[in-house]
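Taken in sequence, the protein lines are chains Z and D.
So the first sequence is residues 1 to 202, counted in this note's numbering.
So the second sequence is residues 1001 to 1202, counted in this note's numbering.
There are 2 protein chains.
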Amino acid sequence: MATLNFWFEFASTYSYLSAMRISDLAARQGIAIAWHPFLLGPIFKTMGWDTSPFNIYRAKGRYMLRDLERLCSDRGLAFRLPDPFPQNGLMAARIALVGLGQGWGEDFSRAVYHAEFAEGKNIADTDLLGGLIAQQGLVADEVLAQAATPETKSRLRSNTDRAIEIGVFGAPTFETEDGELFWGDDRLEQALRWARRIPAKR
Amino acid sequence: MATLNFWFEFASTYSYLSAMRISDLAARQGIAIAWHPFLLGPIFKTMGWDTSPFNIYRAKGRYMLRDLERLCSDRGLAFRLPDPFPQNGLMAARIALVGLGQGWGEDFSRAVYHAEFAEGKNIADTDLLGGLIAQQGLVADEVLAQAATPETKSRLRSNTDRAIEIGVFGAPTFETEDGELFWGDDRLEQALRWARRIPAKR
Chain Z
1 MATLNFWFEF ASTYSYLSAM RISDLAARQG IAIAWHPFLL GPIFKTMGWD TSPFNIYRAK
61 GRYMLRDLER LCSDRGLAFR LPDPFPQNGL MAARIALVGL GQGWGEDFSR AVYHAEFAEG
121 KNIADTDLLG GLIAQQGLVA DEVLAQAATP ETKSRLRSNT DRAIEIGVFG APTFETEDGE
181 LFWGDDRLEQ ALRWARRIPA KR
Chain D
1001 MATLNFWFEF ASTYSYLSAM RISDLAARQG IAIAWHPFLL GPIFKTMGWD TSPFNIYRAK
1061 GRYMLRDLER LCSDRGLAFR LPDPFPQNGL MAARIALVGL GQGWGEDFSR AVYHAEFAEG
1121 KNIADTDLLG GLIAQQGLVA DEVLAQAATP ETKSRLRSNT DRAIEIGVFG APTFETEDGE
1181 LFWGDDRLEQ ALRWARRIPA KR
């Protein structure tokens, strides 16, 4: 089974769009998805930005909002921009990393995106995150402790380093096994087609 | 017949993609396309950029090249990045404005894009532009003189001012009659769908 790497950042509106549809779309095509949370902050810093480019370039930011409204409306998804935007997704990303190693990371990630962009909630809030962890049938305090270990922190840093190394500059980015990058929710179909065409390894 | 405004810049790789397919696509759907050349330079200046963001942000520039290669290959279009990139499209835009008022502007614009991005030629070169004008069955020197009048220059400036006014920050941008903007070649289908849904004016 071919695997497509899904590089996502919790603060990213377009990652929300992809997170909500990638699993179903990939399953129908027999493609496995490997979820990789990472942080855009360090990447934006190398570009000279201290916040989202949607805040720095106002016309682009206004456009993004309208684009998201239209796309979410077409797809039957709620959309509400959280305040502040962008949200701090650090803790959510660490928890997702823990969950992805234990089989509940994808459901948790979708729940984070829903809270953030359908309900406009603050995903840096420990109580909110604890509630989403509990929804997975887990003990929040235990998971929050695992998410705060040096090992988890280091794994998230490694993910971000790896993203930079392969050339990621925005989210979502889809990476095929033969090293092709596809940037943006609007490239998801093309990325899946590409992944399907890669000859299976023996 | 609904009209979709097509805002394009000759230096823009993604405008090339749209210019080569928008007329056929729109005709099949009964949509008229109004071609509007404008300059991204003044807009980029307001964003603090003195060249294409693809030059400033290298990972993004590398990605754009690969993205274009893949998309052009899928569409049976040649692709060759001109040197230097971005090209200076000022003169081409002025000529296109003259041509759009005389019925040959769309063919000329496609010929410019082909020379620039299929053949990698320098579109700031007067001889090249003269040749493309002659291909339209016109006398190059006469058209070049019309393109250099204060009136033509002022019309191009007005186009760019208008683009800024409606919120354009990149090219191509598609603008519907009810004021929706769609940015990027990958939004062309969506823009046409939107244009088709607008109720006809009485």
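Using N, Cα and C, we set each Cβ at its ideal position, and we do this for glycine too.
All values derive from a computational prediction rather than experimental measurement.
Item                                                                                                                : Value
Uninterrupted beta strand (DSSP E) stretches inside the region 108-184 of chain Z (no shorter than 3 residues)      : 173-175 and 181-183
Residues sharing a beta bridge with W1035(D), DSSP                                                                  : F1006(D)
CB contact flag (P1150(D), F1008(D), <8 Å)                                                                          : no
Test item: CB-CB of K153(Z) and R94(Z) under 8 Å                                                                    : yes
Within-8 Å CB hit, W183(Z) to chain D                                                                               : yes
Buried or exposed (CB count within 10 angstroms, at least 16 for buried), R1075(D)                                  : exposed
Proximity to P210(Z) [Cα-Cα], best of S109(Z), I164(Z), L181(Z) and S12(Z)                                          : In the structure as shown, chain Z begins at 1 and stops at 202. Residue 210(Z) is therefore absent and cannot be evaluated.
Closer than 7 Å at the beta carbon, the chain Z residues around D1186(D)                                            : D186
Close-in-space but distant-in-sequence residues of the same chain around V168(Z) (CB under 6 Å, 5 per side omitted) : W7
Neighbour-count burial assignment, V1143(D), 16 or more Cβ in a 10 Å radius                                         : buried
Stretch pair the region 10-27 of chain Z + the region 101-110 of chain Z: three plus CB contacts closer than 8 Å    : yes
Burial state of I1033(D), where buried means 16 or more other Cβ atoms lie within 10 Å                              : buried
P53(Z), DSSP secondary structure in three states                                                                    : helix
Contact set for P1086(D): own chain, Cβ-Cβ below 6 Å, skip 5 residues either direction                              : A1011 and S1052
Element boundaries [alpha helix (DSSP H), containing S23(Z)]                                                        : I22 to R28
Chain D contact for G76(Z) (CB, 8 Å cutoff)                                                                         : no
Contact test: R1162(D) Cβ vs the ligand ADP heavy atom, cutoff 7 Å                                                  : As for the ligand ADP, it is missing from this structure, which has no ligand bound.
Which of helix, strand or coil DSSP assigns to R1062(D)                                                             : helix
Minimum C-alpha distance to G1179(D) - residue among D1186(D), E1165(D) and Q1146(D)                                : E1165(D)
Within chain D, the residues that A171(Z) reaches when beta carbons sit closer than 8 Å                             : Going along chain D, no residue has its Cβ under 8 Å from A171(Z), so there is no contact; the nearest lies around 13 Å.
Chain B contact residues for M91(Z), given Cβ-Cβ distances below 7 Å                                                : Of the chains in the structure shown, none is chain B; the protein chains are Z and D.
CB contact check: K60(Z) to chain D, cutoff 8 Å                                                                     : yes
Within chain D, partners of Y14(Z) - CB distance below 9 Å                                                          : The premise fails here: Y14(Z) is roughly 12 Å from chain D at the closest Cβ pair, so nothing lies under 9 Å.
Beta-carbon proximity check, A1124(D) vs N1088(D), cutoff 8 Å                                                       : yes
Contact with chain Z by G1105(D), beta-carbon distance below 8 Å                                                    : no
Spatially closest choice to L1192(D) from S1015(D), A1027(D) and Y1014(D), by CA coordinates                        : A1027(D)
Per-residue burial, G1205(D) [other beta carbons within 10 Å of its own, 16 or more giving buried]                  : Residue 1205(D) is absent from the model: chain D starts at 1001 and stops at 1202.
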